[in-house]
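> My questions all concern the structure below.
Here's what the structure looks like:
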């Protein structure tokens, strides 16, 4: 089976190839022959795969059909950064040289791994860590920004899982996106 390529927004990065496994009629493990194309999103974010629930329902190719659908919580075309609960998705994010995301927070726990280049992960309090390939962040609903501080493209991969909103300094966790160089008006 030929893999499907994503079209990175950053020149210099090879396209990501995604393979989906399944079983043939004898129960042998094989690569799925009808994997949908990866859909590029804004800011270099590509939804590589989604499931509508955790634990995922894999029997009878239910997950593949839901991902290939034009709409629905697990659709490759679903809007938003965070899948509806209780789903999860895998994202591939490309950052061009010098590119940064908005300062933002989501109602999720994200497991993000730097796979190519160097990426700064900055918190709203000003703290920053530099990630190199293999380094990872466990992002727990905090305000943060992704920055490529170099003259080379960078990529990270994230597994995004919704979380239950919780109280932070007297306010309920909610999704937020700020223009760069602005501070939140509230603590959330």
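In our numbering, the protein residues as written are 265 to 452.
Built from N, CA and C at the ideal position, the CB exists for glycine as well.
In this text the structure is predicted, and so the values were computed from the model without any measurement.
Comparing alpha-carbon positions, which option in 377, 359, 407 and 370 lies nearest residue 416?
Checked all of 377, 359, 407 and 370; the closest Cα to residue 416 is 359.
> Please report how far the alpha carbon of residue 297 lies from the alpha carbon of residue 413, in whole angstroms.
Cα to Cα, the separation comes out at about 39 Å.
> Which value, in whole angstroms, describes the spacing of the CA atoms of residue 366 and residue 339?
The straight-line gap from Cα to Cα measures roughly 25 Å.
> CB residue 357 to CB residue 282, shorter than 8 Å?
Not in contact: residue 357 and residue 282 (Cβ atoms no closer than 8 Å).
> Could you check the C-alpha separation between residue 452 and residue 290 for me, to the nearest Å?
Residue placement at residue 452 is poorly supported in this model, since its pLDDT is 46, which falls under 50; the coordinates still yield a value, given next. The straight-line gap from Cα to Cα measures roughly 53 Å.
> Residue 353: buried (16+ other C-beta within 10 angstroms of its C-beta) or exposed?
Residue 353 is buried by the Cβ-count criterion.
> Taking only three categories from DSSP, how would you classify residue 379?
Correct three-state label for residue 379: strand.
> Taking Cβ to Cβ, would you say residue 369 is nearer than 8 Å to residue 405?
Yes; because the gap between Cβ atoms is below 8 Å, this pair is in contact.
> Count the other CB atoms within 10 Å of the CB of residue 272; is the residue buried (16 or more) or exposed (fewer)?
Confidence in residue 272 is poor, its pLDDT being 46 and thus under 50, which makes the residue's placement unreliable; the coordinate value appears in the next sentence. Classification of residue 272: buried, given that the 10 Å Cβ count is 16 or more.
> Looking at chain D, is there any beta carbon in it that lies within less than 8 Å of the beta carbon of residue 427?
In the displayed structure, chain D is absent; only one protein chain is listed.
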